[in-house]
Structures are given as structure tokens and as C-alpha cells.
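Take a look at the structure below.
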Amino acid sequence: MAITTTTPIKAESRNLEFFYSNGNRALKGITMPLYENKITALIGPSGCGKSTFLRSFNRMHDLYPGNRYQGEIVMHPDNTNILAPGVDPIEVRMRISMVFQKPNPFPKSIYENVAYGLRVRGETNKRMIDDKVEEALKGGALWEEVKDRLHDLAFNLSGGQQQRLCIARALATDPEIMLFDEPTSALDPMATANIEELMNELRNKLTILVVTHNMQQAARVSDYTAYMYLGELIEYDDTDKIFTNPSRKETEDYITGKFG
Amino acid sequence: MQPSQLKTKASVLENLEAVRAMIKRHKLNDYIFSIVGLLALMFALITLFVLFLDLVMDGYPRFGLEFFSEFPSRRAGRAGLLSAWVGSALVMLVTFLTAVPMGVAAGLYLEEYAPKNWFSDLIEINVSNLAGVPSIVYGLLALSLFVYILDLGQSILTAGLTLGLLILPIVIVSTREAIRGIPIAIREAAYAVGATKWQVVHDHVLQYSYGGILTGVIIGMARALGETAPIITIGALTFIAFLPPTPITAEPPFLNFEWLSSGFTVLPIQMFNWLSRPDHAFHINAAATGAIIILVTLLMNGTAIYLRYKIRKNIKW
């Protein structure tokens with residue numbers, strides 16, 4: 149695990165352990181940096197803890213009682229440990245947004261979906277919200293398709309459009325990091341290609357962490373790839389290196405399809 | 457027998473006829489059950505329909521505007537429902553204003569805020585049990601609590617509060633059901649953009665569940681409308697030839713709360729009163745009242761179903 153880069157670190161987990169309320173130790177001492185304006189992919193077989201790791205970054209686990217973190221996730225440049233007891237999960241979620249596995253727009257209009265993050269932050273200036281909604285929808289590569297029907301229900305969009313709407317919703321509040329939890333697993337290949345292209349563009353604005361079941365996807369979109377197995381980080385390196393010349397036997401077995 | 461000699465029934469090709477016969481036999485059960493189910497359904501529906509028809513035919517001569525605009529009278533042909541339907545309406549108003557805020561708040565708290573442990577389980581079981589408590593027990597409770605201890609009198613307020621308590625579990629349970637129907641993914645989406653719990657509840661949970669909550673409220677109100685036992689227990693009058701003071705007045709402050717402490721009667725009690733008279737002419741009035749109560753109940757339930765359909769139409773998950 150020797151990534152050599154001059155890219156600044158945006159966030160890093162340090163000895164991160166995670167325990168579900170049933171006592172299951174899902175993460176076993178993960179130490180791993182996320183580099184600024186890069187896409188980091190998490191791969192590994194089901195149950196390896198990659199989603200658990202991702203969801204630790206916006207404290208999603210705090211929604212369910214009994215879950216417990218150990219270790220730190222430190223954000224830069226302010227050096228805030230976002231897992232510290234004094235840090236409110238809401239503050240964390242205002243800095244780190246998330247796109248989910250299945251498109252989950254609110255049963256509201258397209259406009260209201262994107263504006264919701266701003267409303268939550270108390271923004272009431274209509275013109276400001278209008279501008280931000282347009283900007284976010286453009287950022288989500290959806291503006292051209294929906295600009296004439298912003299007040300239609302979001303459910304009337306196709307699956308791929310819904311997912312881009314969810315990206316726009318996450319984008320509207322200018323997050324520093326965006327988490328993608330298998331963002332294309334419910335989409336067809338065309339929609340998947342759109343989302344991947346979009347992620348590639350988003351990299352210029354923010355740092356991305358993406359969980360994917362699809363190894364080709366990791367190879368296509370990411371700069372760095374981490375292979376996890378049974379709650380441990382097995383290997384973390386340049387994506388090219390991981391897929392062409394991994395240094396660990398386990399990684400090679402997984403990416404060549406010997407198991408998993 | 458050697459395992460190799462065992463003939464399985466697995467190969468369809470070799471036993472085509474036998475397999476077809478077997479499928480036919482198995483499918484017979486579907487057929488039989490759908491007949492039984494249909495009969496059970498028809499039995500319930502037809503019974504209700506015949507009952508309703510009977511009431512309508514008996515009460516037919518009394519249907520007319522005067523029936524709603526006349527006070528009860530010693531002469532059956534001139535007796536009307538005025539004080540009863542006004543009383544029912546006012547009692548329902550109090551019931552609505554108490555049961556809905558309390559029931560929705562309690563349901564929301566239990567579902568969204570309360571920690572999930574043995575204590576909340578206990579409360580949950582008790583709420584479900586409350587829904588099954590006989591209504592006359594509520595009447596006794598109300599008599600000692602509202603009438604004697606709180607000294608609210610045998611009034612519209614007492615009756616409204618009693619029925620409010622009675623349908624509270626229905627409102628709580630339907631609120632919780634409606635809230636539970638909202639997928640976790642939607643909540644997580646809202647939390648993920650930085651919403652607080654109250655923002656999630658206010659902007660999402662309530663918005664998407666009010667159709668279901670409303671349905672529960674209307675069904676609860678329909679039940680309260682027909683309740684007789686607890687109202688008798690708290691001592692509603694059976695013969696009332698006056699109206700309570702009007703809630704809305706012409707001069708400021710335009711609202712008047714004297715009606716809350718007024719004596720009253722309600723539709724089912726008026727019906728009960730007429731039914732217990734020996735003179736057959738009054739039984740016609742009772743039948744007409746019964747038909748009206750059923751009709752209003754059906755209308756309320758129909759509205760509930762329509763509203764649920766209308767509101768759910770825009771929500772797909």
C-alpha cells in the first residue's frame with residue numbers, strides 16, 4: 149500500500165473499527181486516505197464491509213441505535229475528526245453528501261428534490277434557490293432534460309434520470325466529499341454510462357468515494373481502488389496497479405474472478 | 457429396494473398424463489377456496505345490505521327535511537332529529553379536536569422518537585389492547601374522571617373527550633401504520649442532506665403519510681358516531697327540545713364556548729329512545745335514524761377510501 153502522490157489528502161480513516169448493534173465487528177482497523185478531487189473505489193465481495201465503511205463517512209450508522217465506531221475519520225484541511233462525540237452527525241452530512249444504491253427521490257417535484265438541501269439549511273431566498281437548483285441540475289447532467297418541467301413529480305423520470313436527480317440533490321449544497329453506494333446497480337448500461345461520465349466530471353469539484361460491485365466500473369472510473377475482504381483493507385493502490393499488477397495474492401484472486 | 461430402482465415422479469415426459477391429472481387435482485383446491493371465500497364475502501355483504509334495506513323501508517315515511525329540522529316530540533309523526541344531529545356534530549367536533557392531535561403526536565413519537573426497548577414494546581401492546589377495550593368501560597372511566605373528578609358535567613365536552621379517548625388507539629395505530637409505510641431509503645435520503653429529525657418528520661414523514669392517517673381518523677370518527685354505550689353511561693339526556701348555544705356568534709369575539717357544557721343527545725341515543733317506546737309509530741323514526749347513521753358511516757368510510765386513493769396516486773414505492 150504505497151500510493152505515491154503529491155495530491156493533498158481530503159479525508160482519512162485511522163484505525164477505523166465499526167460494530168453493529170448485534171456486536172458484529174464489520175470494520176477491522178481500516179486506515180486509508182482519500183485524495184482530494186480523486187475518485188476512490190471500494191471493491192470486495194458482499195459482506196466485506198465496503199458499504200459499512202462508506203456509510204461511516206456521513207455517520208449514517210448513527211440513525212440506528214446500538215451501532216458503535218472506534219478510531220477516527222479526519223477531514224482536512226480543518227483536521228476535524230468527524231466521528232468525535234462532540235461532532236454532530238448533521239454537521240458531517242452537510243459537508244459529505246451521499247448517493248444511494250437505488251434512486252430515492254422524494255415524492256415531490258424535481259425542483260423541490262434539489263432544493264431540499266438548501267431548505268434544510270434555512271435558505272429562503274427564492275432567486276438564490278432557483279440559481280442553485282439550476283446549477284445543481286446542470287452539474288447532474290439533467291438540466292436539459294427537465295428544465296421545462298421542473299415542477300413535475302420526480303417519480304415521472306426514468307430510473308437513470310432519477311439517479312442523476314439524486315446526484316443533483318446531493319450536489320446542490322456544495323459538499324466537499326460525495327459518497328456513492330453502488331450508484332448504478334439498479335440501472336441499465338446506458339444510464340450507467342451516463343452516471344460514470346458524470347462522476348468523471350464531478351471529480352473536478354469534489355472528492356468521491358464509490359462502492360461498486362462491478363469491477364469493470366471501478367477500473368473505468370476510479371483513480372484509486374481499495375480491495376476489502378471480511379472487514380479488512382487488503383490492498384489500496386492506484387487503480388491501474390490494482391487491476392494489472394496487484395501486490396497481494398488475495399486481490400489478484402478476486403479481480404481475476406477466482407472467487408467472489 | 458435399491459435406490460436405482462426407485463421411480464421418481466420427477467420426469468414429466470414419461471408420465472405426461474399422470475402429471476396433467478395431478479395438476480388438475482391440485483388446482484381444484486384453488487377453485488374450491490375461491491367459492492368458499494366468495495360465499496363468506498357475500499354472506500357479510502348481503503346481511504348488511506338487507507339490514508340497511510329493511511331500515512330504509514321501515515323508515516321511509518319519515519325521510520324529509522322536517523325530520524332533520526324538528527325537535528323530538530310526544531307525537532311520533534312530528535318528532536325529528538334536530539337536537540340529535542346537532543349534538544352528534546358538536547360531540548364529533550370535540551372528539552376530532554382531541555383525538556387527532558393527541559393520536560398523531562403519540563403515533564409519531566412512538567414510531568420516530570421513542571427508543572426501541574422493552575418499555576416501548578410494553579406501550580405498543582397496551583395501545584393495541586386499548587383498541588379492544590369495550591366501549592362501556594370507557595364510559596365508566598369517563599363518568600368517574602370527567603363527570604365526577606374534573607366536574608365537567610354531563611356535557612358535550614365530556615362526551616367528546618370520552619369518544620376521543622375511545623378512538624385514540626385507532627388514530628395512534630393508523631398513524632404508526634401510515635408512517636411505517638414510508639421506505640427507509642426516503643428517510644435516509646433526507647438525513648443524508650443534513651436534515652434534523654424534526655425536519656424529516658415535518659417535511660417528509662407527515663407529508664407522505666397524512667393520507668393514511670386521515671383514513672384512520674375518518675374510520676375512527678365513523679365508529680365514534682355510532683357509539684351509544686359510553687354516552688349513556690356518562691348520562692346523555694334522551695329527550696332534548698333545545699339546541700346548545702351556537703359556537704359562532706355575531707358579535708366579537710365571535711366564538712362562544714358555552715356549548716361545551718351544554719346538555720345534549722346524539723343520534724344513536726335518540727334512536728335507542730324511540731326504539732324503547734311501546735308505540736310502533738316511534739319505531740319508524742328509529743328505523744329512519746338507523747338508516748341515516750349507516751348512510752353517514754358509509755359516506756365517511758367511502759371518503760376515507762377515496763382520499764387514500766387520491767393521495768397515494770402521486771406516491772409510488
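Chains as they are written, first to last, in my numbering: chain A, 149 to 408; chain B, 457 to 773.
From the three backbone atoms N, C-alpha and C, an ideal C-beta is built for every residue, glycine too.
Residues in its own chain within less than 8 Å of residue i by CB, not counting five upstream and five downstream?
{"i": "B:GLY746", "result": "LEU511, GLY515, MET727"}
{"i": "B:LEU564", "result": "THR631, ILE635, VAL657, VAL661, LEU662"}
{"i": "B:ILE675", "result": "ILE626, SER630, MET756, ASN757, ALA760"}
{"i": "A:THR387", "result": "ALA189, ALA366, ALA367, SER370, ASP371, TYR372, THR373"}
{"i": "B:LEU699", "result": "LEU538, SER539, VAL542"}
{"i": "B:ILE579", "result": "LEU566, ALA570"}
{"i": "A:ASN215", "result": "PHE166, PHE167, TYR168, SER169, HIS209"}
Could you tell me which of the options sits nearest to residue i, measuring between CA atoms?
{"i": "A:GLY379", "options": "A:THR152, A:TYR168, A:PRO156, A:GLU160", "result": "A:TYR168"}
{"i": "A:THR153", "options": "A:ASN163, A:PRO181, A:GLU165", "result": "A:PRO181"}
{"i": "B:TYR569", "options": "B:GLY595, B:PRO557, B:TRP654", "result": "B:TRP654"}
{"i": "A:ASN185", "options": "A:ARG162, A:ILE157, A:PRO394", "result": "A:ILE157"}
{"i": "A:ILE343", "options": "A:LEU354, A:HIS361, A:GLN365, A:LYS353", "result": "A:GLN365"}
{"i": "B:ILE628", "options": "B:SER539, B:LEU681, B:PHE695, B:GLU567", "result": "B:GLU567"}
{"i": "B:ALA793", "options": "B:GLY691, B:ALA562, B:LEU538", "result": "Nothing about residue 793 of chain B can be reported from this structure: the residues present for chain B run from 457 to 773 only."}
{"i": "B:PHE552", "options": "B:ASP577, B:GLY620, B:ILE669, B:PHE698", "result": "B:GLY620"}
{"i": "A:ASP401", "options": "A:GLY195, A:MET363, A:GLY197, A:ARG312", "result": "A:MET363"}
{"i": "A:LEU350", "options": "A:ILE187, A:ILE151, A:PHE166", "result": "A:ILE187"}
{"i": "A:HIS224", "options": "A:LYS397, A:ARG297, A:LEU354", "result": "A:LEU354"}
{"i": "B:GLY616", "options": "B:ALA646, B:THR554, B:SER584", "result": "B:THR554"}
{"i": "A:ASP226", "options": "A:ARG243, A:ALA316, A:GLY219", "result": "A:ARG243"}
{"i": "A:ARG269", "options": "B:VAL649, B:VAL468, B:VAL603", "result": "B:VAL649"}
{"i": "B:GLY588", "options": "B:SER600, B:ALA697, B:ARG679", "result": "B:ARG679"}
{"i": "B:LEU670", "options": "B:ALA651, B:GLY559, B:PRO517, B:LEU495", "result": "B:GLY559"}
{"i": "A:LYS176", "options": "A:ASN170, A:TYR183, A:CYS196, A:GLY192", "result": "A:CYS196"}
{"i": "B:ARG518", "options": "B:ALA474, B:GLY609, B:ALA744", "result": "B:ALA744"}
{"i": "A:GLU324", "options": "A:ASP296, A:GLY171, A:ASN206", "result": "A:ASN206"}
{"i": "A:ASP336", "options": "A:GLY307, A:ILE356, A:LYS389, A:SER204", "result": "A:GLY307"}
{"i": "B:PRO651", "options": "A:ASP236, A:GLY265, A:ILE191", "result": "Before going further, note that residue 651 of chain B is Ala rather than Pro in the sequence given. When each option's Cα is compared against that of B:ALA651, the closest is A:GLY265."}
{"i": "B:VAL556", "options": "B:LEU472, B:ILE704, B:VAL673", "result": "B:VAL673"}
{"i": "B:LYS766", "options": "B:TYR666, B:PHE508, B:PHE695", "result": "B:TYR666"}
{"i": "B:ILE696", "options": "B:GLY493, B:ASN729, B:LEU507", "result": "B:ASN729"}
State the CB to CB distance for the pair residue i and residue j, rounded to an integer number of angstroms; the pair is presumed to be in contact (CB under 8 Å).
{"i": "A:MET376", "j": "A:VAL247", "result": "So it is not a contact: roughly 20 Å between Cβ atoms."}
{"i": "A:THR409", "j": "A:GLU383", "result": "Because chain A spans 149 through 408 in this model, residue 409 of chain A falls outside it and cannot be assessed."}
{"i": "B:SER525", "j": "B:SER611", "result": "About 24 Å separates the two Cβ atoms, so there is no contact after all."}
{"i": "A:PRO262", "j": "A:ALA284", "result": "At residue 262 of chain A the sequence reads Val, which differs from the Pro that was named. Contact holds; Cβ gap of about 5 Å."}
{"i": "B:MET677", "j": "B:ILE623", "result": "7 Å"}
{"i": "A:MET347", "j": "A:VAL369", "result": "5 Å"}
{"i": "A:VAL359", "j": "A:SER199", "result": "5 Å"}
{"i": "B:GLY682", "j": "B:PRO734", "result": "Contact doesn't hold; Cβ gap of about 25 Å is too wide."}
{"i": "A:ALA318", "j": "A:SER245", "result": "4 Å"}
{"i": "B:PHE508", "j": "B:ILE750", "result": "5 Å"}
{"i": "A:ALA320", "j": "A:VAL281", "result": "7 Å"}
Here's a check: name, in chain order, each residue in its chain whose Cβ is nearer than 7 Å to the Cβ of residue i, leaving out the five neighbours to either side.
{"i": "A:ASP300", "result": "SER257, ILE258"}
{"i": "B:ALA535", "result": "GLU526, PRO528, SER529, ASN741"}
{"i": "B:ALA685", "result": "SER591, ILE592, GLY595"}
{"i": "A:ASP279", "result": "none"}
{"i": "B:TYR762", "result": "none"}
Decide if residue i is buried, meaning its Cβ has at least 16 other Cβ atoms within 10 Å, or exposed.
{"i": "A:LEU381", "result": "buried"}
{"i": "A:GLN310", "result": "buried"}
{"i": "B:ILE488", "result": "exposed"}
{"i": "B:TRP574", "result": "exposed"}
{"i": "A:GLY234", "result": "exposed"}
{"i": "A:ASP329", "result": "buried"}
{"i": "A:ASN252", "result": "buried"}
{"i": "B:ASP607", "result": "exposed"}
{"i": "A:PHE407", "result": "exposed"}
{"i": "A:HIS209", "result": "buried"}
{"i": "A:LEU313", "result": "buried"}
{"i": "A:GLY192", "result": "buried"}
{"i": "B:VAL506", "result": "exposed"}
{"i": "B:SER544", "result": "buried"}
Return the chain-ordered list of same chain residues with a C-beta closer than 6 Å to the C-beta of residue i, the five sequence neighbours on each side being excluded.
{"i": "A:VAL222", "result": "GLU160, ASN229"}
{"i": "B:LEU693", "result": "GLY719, THR721"}
Any heavy atom of the ligand ATP within a distance shorter than 8 Å of the CB on residue i?
{"i": "A:LYS406", "result": "You won't find the ligand ATP in this model; it holds no ligand whatsoever."}
Name the residues in the stretch 222-248 of chain A whose C-beta lies less than 7 Å from a C-beta of chain B; which are they? If the cut-off is 7 Å between Cβ atoms, the stretch 222-248 of chain A has ILE238, ARG241, MET242, SER245, MET246, PHE248 near chain B.
Could you run through the stretch 653-679 of chain B and flag, in chain order, every residue whose CB is less than 7 Å away from some CB of chain A? GLN655, HIS660, TYR664
Return the residues of the stretch 255-268 of chain A that lie within a Cβ-Cβ distance of less than 7 Å from chain B, sorted by chain order. PRO255, TYR264, GLY265, VAL268
Between the stretch 633-650 of chain B and chain A, which residues of the former have a C-beta closer than 8 Å to a C-beta of the latter? PRO639, ALA641, ILE642, ARG643, GLU644, ALA645, ALA646, TYR647, ALA648, VAL649, GLY650
Contact set between the stretch 308-319 of chain A and chain B, restricted to residues whose Cβ is under 8 Å from the partner: Within the stretch 308-319 of chain A, CYS314, ARG317, ALA318 place their CB atoms closer than 8 Å to a CB of chain B, listed in sequence order.
Where the stretch 200-223 of chain A meets chain B: residues whose CB sits under 7 Å from a CB there: ASN206, MET208, LEU211, PRO213
For the stretch 551-584 of chain B, which residues have a CB atom closer than 8 Å to at least one CB atom of chain A, in sequence order? Within the stretch 551-584 of chain B, PRO571, LYS572 place their CB atoms closer than 8 Å to a CB of chain A, listed in sequence order.
Residues of the stretch 328-361 of chain A whose Cβ lies closer than 9 Å to any Cβ of chain B, in chain order: none
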